[in-house]
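Read through the structure below, which is laid out as structure tokens, and then see the notes.
2 protein chains.
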Amino acid sequence: MFGSLWSLPVSESRPRIIPEATVARLAVYLRVLAGLAGDGRSHVSSGELATAAGVNPAGLRKDLSYLGPCGVRGVGYSVSGLRERLTTALGGERSRPCVVVGLGRLGAALADYAGFASRGFEFVGLLDADPQRVGDCVGGCTVRPIADLESVVADTEAAIGVITTPAEVAQSVCDRLVAAGVRSILNFAPVALTVPPGVDVRKVDLSVELQVLAFLDQQRDGGRQPVTVPVHAGLGAQR
Amino acid sequence: MFGSLWSLPVSESRPRIIPEATVARLAVYLRVLAGLAGDGRSHVSSGELATAAGVNPAGLRKDLSYLGPCGVRGVGYSVSGLRERLTTALGGERSRPCVVVGLGRLGAALADYAGFASRGFEFVGLLDADPQRVGDCVGGCTVRPIADLESVVADTEAAIGVITTPAEVAQSVCDRLVAAGVRSILNFAPVALTVPPGVDVRKVDLSVELQVLAFLDQQRDGGRQPVTVPVHAGLGAQR
DNA sequence: AACCGCTTGTGAACGCAGGAACAAAGTCGC
DNA sequence: GCGACTTTGTTCCTGCGTTCACAAGCGGTT
Ligand SMILES: NC(=O)c1ccc[n+]([C@@H]2O[C@H](COP(=O)([O-])OP(=O)(O)OC[C@H]3O[C@@H](n4cnc5c(N)ncnc54)[C@H](O)[C@@H]3O)[C@@H](O)[C@H]2O)c1
Ligand SMILES: NC(=O)c1ccc[n+]([C@@H]2O[C@H](COP(=O)([O-])OP(=O)(O)OC[C@H]3O[C@@H](n4cnc5c(N)ncnc54)[C@H](O)[C@@H]3O)[C@@H](O)[C@H]2O)c1
Numbered sequence: 012m013f014g015s016l017w018s019l020p021v022s023e024s025r026p027r028i029i030p031e032a033t034v035a036r037l038a039v040y041l042r043v044l045a046g047l048a049g050d051g052r053s054h055v056s057s058g059e060l061a062t063a064a065g066v067n068p069a070g071l072r073k074d075l076s077y078l079g080p081c082g083v084r085g086v087g088y089s090v091s092g093l094r095e096r097l098t099t100a101l102g103g104e105r106s107r108p109c110v111v112v113g114l115g116r117l118g119a120a121l122a123d124y125a126g127f128a129s130r131g132f133e134f135v136g137l138l139d140a141d142p143q144r145v146g147d148c149v150g151g152c153t154v155r156p157i158a159d160l161e162s163v164v165a166d167t168e169a170a171i172g173v174i175t176t177p178a179e180v181a182q183s184v185c186d187r188l189v190a191a192g193v194r195s196i197l198n199f200a201p202v203a204l205t206v207p208p209g210v211d212v213r214k215v216d217l218s219v220e221l222q223v224l225a226f227l228d229q230q231r232d233g234g235r236q237p238v239t240v241p242v243h244a245g246l247g248a249q250r
Numbered sequence: 012m013f014g015s016l017w018s019l020p021v022s023e024s025r026p027r028i029i030p031e032a033t034v035a036r037l038a039v040y041l042r043v044l045a046g047l048a049g050d051g052r053s054h055v056s057s058g059e060l061a062t063a064a065g066v067n068p069a070g071l072r073k074d075l076s077y078l079g080p081c082g083v084r085g086v087g088y089s090v091s092g093l094r095e096r097l098t099t100a101l102g103g104e105r106s107r108p109c110v111v112v113g114l115g116r117l118g119a120a121l122a123d124y125a126g127f128a129s130r131g132f133e134f135v136g137l138l139d140a141d142p143q144r145v146g147d148c149v150g151g152c153t154v155r156p157i158a159d160l161e162s163v164v165a166d167t168e169a170a171i172g173v174i175t176t177p178a179e180v181a182q183s184v185c186d187r188l189v190a191a192g193v194r195s196i197l198n199f200a201p202v203a204l205t206v207p208p209g210v211d212v213r214k215v216d217l218s219v220e221l222q223v224l225a226f227l228d229q230q231r232d233g234g235r236q237p238v239t240v241p242v243h244a245g246l247g248a249q250r
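These protein sequences, in sequence, are chains A and B. Take the first sequence: its letters are residues 12 to 250, numbered as in my numbering. Take the second sequence: its letters are residues 12 to 250, numbered as in my numbering.
Below you can see the structure in the form of structure tokens.
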């Protein structure tokens, strides 16, 4: 009875689950390591890496510990070794096809950005409802009509869908992407998308970012505003 | 840290600090409320608001409770009343001047986006180092040379600085913004900016978002489950 | 070969966020 | 006018994430 518990519940060697917050930071470490490798560095300490990534050294070590021991005590981490380790942990360096729906200003900026290709993300499908945009060439790929969504997803075997359409149509676009087989979605439209289980959605909300900054600003200089409604303005200070 | 900060006699019992995660959600609620007001709704329940915002109803009520009681039991929240309350809490509806440094694809998309103005964020200063871009008109504002940074910040009394330059120059741009008086910075360049105390930085890292999606995708494929979609409908996992 | 300094890896504590359950309170129907 | 229903506001609790601190391990040195 107890013996079976001790043997192995469901886990194997080192497949401990990695918190999502840690995964996000691992991606940052990987980028910093790429820069270090370009500078010809062979080893790096947790302190230096942490400074470059803007995090706490102890937290960085704990993050890396999810991958098992990958440093040498007294020396630090091998840049190339750690880079390889992180790359594999984050999903390998294989190419990941992505589709972008809605090639307005934001969508076009994303599709044209060279920084994604170096990480394995290739924008192989561009879709828009505007006939004037269809046929345009953005980042080496031609914009196709939204009616082709299903076939484009199928042909390219796209793993990630990026939604940069107006908010009103974002949910319907999302539904079509999911139905076509996309299971990872990056949403820039200011709406909360509803998806079936098994589909991951990440939302980037730039208005919220600005609003949080505005809040922190107001909180910082609490009483510099003699304007409207001063009654309830008693918030605590700092940070 | 300094708990004694709110020990002074405040008649209103609202000295509790608002967690940053809550602030971000408050901004989302505010946007949803704007849509509801446009539909002519006068009242809304926490459940409905939570569904539209993609969060848990109990969590929503807890978020709102940081502002004090602002709903009516048995009825719900007044759309206009809550909207006003949230607007005040998030920094008022006064215009917040912003400057954008680096008007490439991404910077131009931001400066030209109409959705920010409705929240009080006005892009009153656009700066770029490329002589070819200087003089361009983006979103009703003229691009000026980067040498004018200090004078533009001073003239517009800009509260927020948005950095969309290449990563190599982001830190120097940041330093100049801070020296010019900007205390809130939204950074899109893939570097960790160093700023003096009293300055807030928010970073938007799109590569990391994609990388996290790739990781979740790989993790999911460990079981290699097809697109099943069981009858367990309801709310999908947001975030 | 042993020592010493440096760095990693991990265990424990703390604080925070999220979720569920429950009591208060106000409204609607009769 | 009163009861019952609806919805809020709050409290408790659980789990996660972050930080501190320290023991363990490795390289270089004597
Ligand atoms: N541009 C920004 O800085 C910014 C900032 C925050 C949020 N956003 C959000 O990102 C989204 C896009 O912003 P934008 O500035 O690029 O807008 P945009 O109007 O420039 O682009 C939207 C594009 O989507 C296309 N489109 C419309 N309906 C479609 C459909 N049903 N199927 C496919 N394509 C369709 C349009 O033809 C257009 O090309 C919006 O939801 C916006 O709220 C943008
Ligand atoms: N476009 C994207 O989708 C995307 C995605 C992720 C990250 N980013 C990051 O956002 C930033 C901008 O991306 P982009 O695609 O708009 O690049 P871009 O090259 O199109 O634009 C950069 C702009 O900055 C200007 N610039 C260069 N040096 C400057 C300086 N010293 N002072 C002022 N302006 C200067 C350039 O003239 C150019 O107009 C980059 O750091 C990039 O890594 C962009």
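For glycine and all other residues, C-beta sits at the position ideal for the given N, C-alpha and C.
**Message:** Counting only beta-carbon separations shorter than 8 Å, does residue 171 of chain B have a partner in chain A?
**Reply:** Stepping through the second sequence from its first residue, residue 171 of chain B is reached at position 160. With 8 Å as the cut-off, residue 171 of chain B counts as an interface residue toward chain A.
**Message:** Which residues in chain B have a C-beta closer than 7 Å to the C-beta of residue 195 of chain A? List them in chain order.
**Reply:** As a first step, residue 195 of chain A must be located in the first sequence, where it is residue number 184. The contacting residues are 224, 227, 228.
**Request:** Starting from the Cα of residue 74 of chain B, find the closest Cα among B:229, B:38, B:84, B:109 and give me that residue.
**Result:** Within the second sequence, numbered from 1, the residue matching residue 74 of chain B stands at position 63. Residue 74 of chain B has its Cα closest to that of B:38, out of B:229, B:38, B:84, B:109.
**Message:** I'd like to check one pair, residue 79 of chain A with residue 88 of chain A: are the Cβ atoms closer than 8 Å?
**Reply:** As a first step, residue 88 of chain A is located in the first sequence; it is residue number 77 there, counting from the start. As a first step, residue 79 of chain A is located in the first sequence; it is residue number 68 there, counting from the start. The answer is no: Cβ separation not under 8 Å.
**Message:** Can you check which of these residues, B:158, B:173, B:100, is closest to residue 119 of chain B by C-alpha distance?
**Reply:** As a first step, residue 119 of chain B is located in the second sequence; it is residue number 108 there, counting from the start. Comparing Cα-Cα distances from residue 119 of chain B to each of B:158, B:173, B:100, the minimum goes to B:173.
**Prompt:** Do you know how far the Cα of residue 138 of chain B is from the Cα of residue 112 of chain B?
**Reply:** Counted from its first residue, the second sequence places residue 112 of chain B at position 101. Counted from its first residue, the second sequence places residue 138 of chain B at position 127. Cα-Cα distance, rounded: 5 Å.
**Asked** Is the beta carbon of residue 72 of chain A sitting closer than 8 Å to the one on residue 57 of chain A?
**Response** Sequence index remark: in the first sequence, residue 72 of chain A carries index 61 (1-based). Sequence index remark: in the first sequence, residue 57 of chain A carries index 46 (1-based). Yes, these two residues count as a Cβ contact at 8 Å.
**Asked** Between the Cα of residue 210 of chain A and the Cα atoms of B:100, B:231, B:161, which residue gives the shortest distance?
**Response** Locating residue 210 of chain A in the first sequence gives position 199, where the first residue counts as 1. The residue with the shortest Cα to Cα distance from residue 210 of chain A is B:231.
**Message:** To test your reading of the DSSP string, which unbroken beta strand (DSSP E) runs of 3 or more residues are found completely within the stretch 120 to 185 of chain B?
**Reply:** 132 to 139, 152 to 156, 171 to 174
**Asked** Is any heavy atom of ligand 2 found at a distance shorter than 7 Å from the C-beta of residue 46 of chain A?
**Response** Start at 1 with the first residue of the first sequence, and residue 46 of chain A comes out as number 35. Every heavy atom of ligand 2 is 7 Å or more from the Cβ of residue 46 of chain A, so no.
**Identity of the residues DSSP links to residue 197 of chain B by a beta bridge** = Numbered from 1 along the second sequence, position 186 holds the residue referred to as residue 197 of chain B. Answer is B:173, B:213.
**Asked** With C-beta atoms as the reference, is residue 94 of chain A less than 8 Å away from residue 125 of chain A?
**Response** Counting from 1 along the first sequence, the entry for residue 94 of chain A is found at position 83. Counting from 1 along the first sequence, the entry for residue 125 of chain A is found at position 114. Cβ distance not < 8 Å, so residue 94 of chain A and residue 125 of chain A don't count as in contact.
**Message:** Using DSSP's beta-bridge definition, name the partner residues of residue 87 of chain B.
**Reply:** Along the second sequence, read from residue 1 onward, the residue named residue 87 of chain B stands at position 76. Residue 87 of chain B pairs with B:83.
**Asked** Can you list, in chain order, the residues of the stretch 121 to 132 of chain A whose Cβ is nearer than 8 Å to any Cβ on chain B?
**Response** 121, 123, 124, 126, 127, 130, 131, 132
**Message:** So, with DSSP's three-state summary, where would you put residue 68 of chain B?
**Reply:** Along the second sequence, one-based indexing puts residue 68 of chain B at 57. DSSP places residue 68 of chain B in helix when its eight states are reduced to three.
**Request:** Determine the closest residue to residue 200 of chain A out of A:191, A:206, A:218, with distance taken between C-alpha atoms.
**Result:** Counting from 1 along the first sequence, the entry for residue 200 of chain A is found at position 189. It is A:218 whose Cα lies nearest to the Cα of residue 200 of chain A.
**Item:** Delimiting residues of the beta strand (DSSP E) encompassing residue 34 of chain B
**Value:** Within the second sequence, numbered from 1, the residue matching residue 34 of chain B stands at position 23. No beta strand (DSSP E) holds residue 34 of chain B; the alpha helix (DSSP H) holding it covers 31 to 49.
**Prompt:** Going by alpha carbons, who is nearest to residue 136 of chain B out of B:99, B:197, B:182, B:168?
**Reply:** The residue you call residue 136 of chain B lines up with position 125 of the second sequence. Residue B:168 is the option with its Cα nearest to residue 136 of chain B.
**Asked** chain A beta carbons: is any one of them nearer than 8 Å to that of residue 220 of chain B?
**Response** Along the second sequence, read from residue 1 onward, the residue named residue 220 of chain B stands at position 209. With 8 Å as the cut-off, residue 220 of chain B counts as an interface residue toward chain A.
**Asked** Just reading off the beta strand (DSSP E) that residue 207 of chain B is part of, what are its end residues?
**Response** On the second sequence, residue 207 of chain B is found 196 positions in, with the first residue counted as 1. No beta strand (DSSP E) contains residue 207 of chain B, which DSSP labels as neither H nor E.
**Item:** Exposed unless 16 or more other CB atoms sit within 10 angstroms - verdict on residue 171 of chain A
**Value:** Here residue 171 of chain A corresponds to residue number 160 of the first sequence, with the count starting at 1. Buried, because 16 or more other Cβ atoms sit within 10 Å of the Cβ of residue 171 of chain A.
**Prompt:** Looking at residue 138 of chain B and ligand 2, is the gap between the Cβ and the nearest heavy atom below 7 Å?
**Reply:** Position 127 of the second sequence, counted from the first residue, corresponds to residue 138 of chain B. Yes, the Cβ of residue 138 of chain B comes within 7 Å of a heavy atom of ligand 2.
**Request:** Check residue 219 of chain A in the structure and name its three-state DSSP category.
**Result:** Taking the first sequence and counting its residues from 1, one reaches residue 219 of chain A at position 208. Here residue 219 of chain A sits in helix by DSSP.
**Prompt:** For residue 67 of chain B, which residues of its own chain have a beta-carbon under 7 Å away from its beta-carbon, when the five flanking residues on both sides are left out?
**Reply:** Locating residue 67 of chain B in the second sequence gives position 56, counting from the first residue. Excluding residues within five positions, the ones whose Cβ falls inside 7 Å are 61.
**Item:** Alpha carbon of residue 215 of chain A to alpha carbon of residue 151 of chain B, nearest angstrom
**Value:** The residue you call residue 215 of chain A lines up with position 204 of the first sequence. The residue you call residue 151 of chain B lines up with position 140 of the second sequence. Whole-angstrom Cα-Cα distance: 25 Å.
**According to DSSP, residues forming a beta bridge with residue 107 of chain A** = By 1-based counting over the first sequence, the position of residue 107 of chain A is 96. Bridge partners of residue 107 of chain A: A:132.
**Item:** Residues near residue 160 of chain A by beta carbon distance below 6 Å, same chain, minus five either side
**Value:** Here residue 160 of chain A corresponds to residue number 149 of the first sequence, with the count starting at 1. Only 138, 187 meet the Cβ criterion.
**Message:** Distance check for residue 115 of chain A and residue 157 of chain A, CA to CA, integer angstroms please.
**Reply:** By 1-based counting over the first sequence, the position of residue 157 of chain A is 146. By 1-based counting over the first sequence, the position of residue 115 of chain A is 104. In a straight line, the C-alpha of residue 157 of chain A is about 13 Å away from that of residue 115 of chain A.
**Message:** Give me, in chain order, the residues of the same chain whose beta-carbon lies closer than 6 Å to that of residue 29 of chain B; leave out the 5 immediate sequence neighbours on both sides.
**Reply:** By 1-based counting over the second sequence, the position of residue 29 of chain B is 18. Answer for residue 29 of chain B: 77, listed in chain order.
**Message:** If distances are taken between C-alpha atoms only, which option among B:195, B:175, B:110 comes closest to residue 162 of chain B?
**Reply:** As a first step, residue 162 of chain B is located in the second sequence; it is residue number 151 there, counting from the start. Closest option to residue 162 of chain B, Cα to Cα, is B:110.
**Within-8 Å CB hit, residue 119 of chain B to chain A** = As a working mapping, residue 119 of chain B is identified with position 108 in the second sequence. Yes - at least one Cβ of chain A is within 8 Å of the one on residue 119 of chain B.
**Request:** Use the C-beta contact count for residue 189 of chain A: other C-beta atoms within 10 angstroms, 16 or more gives buried, fewer gives exposed.
**Result:** Walking along the first sequence from the start, residue 189 of chain A turns up at place 178. Burial call: buried.
**Asked** Does the Cβ of residue 53 of chain A have 16 or more other Cβ atoms within 10 Å, making it buried, or fewer, making it exposed?
**Response** Residue mapping note: residue 53 of chain A aligns to position 42 of the first sequence, counting from 1. Exposed, by the Cβ-count rule.
**Asked** Considering only residues of the same chain and omitting the five flanking positions on each side of residue 164 of chain A, which have a CB-CB separation below 8 Å?
**Response** Here the question's residue 164 of chain A lines up with position 153 in the first sequence. Excluding positions up to five away in sequence, the list reads 110, 136, 172, 188, 191, 192, 193.
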